[in-house]
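Engineer: So that we are looking at the same thing, I have put the structure below in structure tokens.
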Amino acid sequence: MLYIIVKTVLTAGIIVGASELGKRYTTFAALLLALPLTSILAMIWLYVDTKDAARVAELSTGIFWLVLPTLLFFIVLPWLIKQGVGFWAAMGASAVIMVIFYLGYAAIGKKLGLPL
């Protein structure tokens, strides 16, 4: 139980720290958040828990292929905000567009044999 608490506190601390950093240093926070910190932590926790490097490699490959559709979110969100759409509406619309893109991406990816 203590192990789960440590994992949770460490992971949450990184996210909270980055968001607080963003209040003063937007570019540095963006750089920090652009790093795949949650993915790296997930791979570390998976390896520590299972000692199975092959599973970590499989997870890493899956993350690579599934990160690509998320990039659309980061294009649509600022564009909508610049068009005068409110933050919450832009966030919701960007998320919906990303999910729709994910579904199409997954359908095409499976036909192409991508490890999704």
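If you're matching positions, the sequence shown starts at 0 in numbering that gives the first Met the number 0 and goes up one per residue.
Heads up, the beta-carbon is just placed ideally off N, CA and C, and yes, glycines get one too.
1) Between the Cα of residue 69 and those of 44, 35 and 57, spot the shortest distance and give me the residue it belongs to.
2) Which whole-angstrom value describes the C-beta separation of residue 52 and residue 46, a residue pair presumed to lie in contact below a C-beta threshold of 8 Å?
3) Which runs of the alpha helix (DSSP H) fall wholly inside the segment 10-71 and span at least 4 residues, in chain order?
4) Here's the rule I'm using: 16 or more other beta-carbon atoms within 10 Å means buried, otherwise exposed. How should residue 56 be labelled?
5) On a CA-only basis, which of 79, 104 and 24 is nearest residue 93? Give me that one, please.
6) On the premise that residue 64 lies in contact with residue 31, defined as a C-beta separation below 8 Å, what is that separation, rounded to the nearest angstrom?
Structural biologist: On the basis of the data shown:
1) Translated into positions along the sequence shown, residue 69 becomes position 70. It is 35.
2) For the purposes of this step, residue 52 is identified with residue 53 of the sequence shown, where counting begins at 1. For the purposes of this step, residue 46 is identified with residue 47 of the sequence shown, where counting begins at 1. Their Cβ separation, rounded to whole angstroms, is 7 Å, which keeps residue 52 and residue 46 in contact under 8 Å.
3) The segment 10-71 contains, as complete alpha helix (DSSP H) runs of 4+ residues, the segments 25-33 and 36-49 (chain order).
4) Residue mapping note: residue 56 aligns to position 57 of the sequence shown, counting from 1. The residue in question, residue 56, is exposed, as its Cβ has fewer than 16 Cβ neighbours within 10 Å.
5) Working through the sequence shown from its first residue, we reach residue 93 at position 94. Nearest of 79, 104 and 24 to residue 93, Cα basis: 79.
6) Taking the sequence shown and counting its residues from 1, the one referred to as residue 31 is at position 32. Taking the sequence shown and counting its residues from 1, the one referred to as residue 64 is at position 65. Rounded, the Cβ-Cβ distance is 24 Å, inconsistent with contact.
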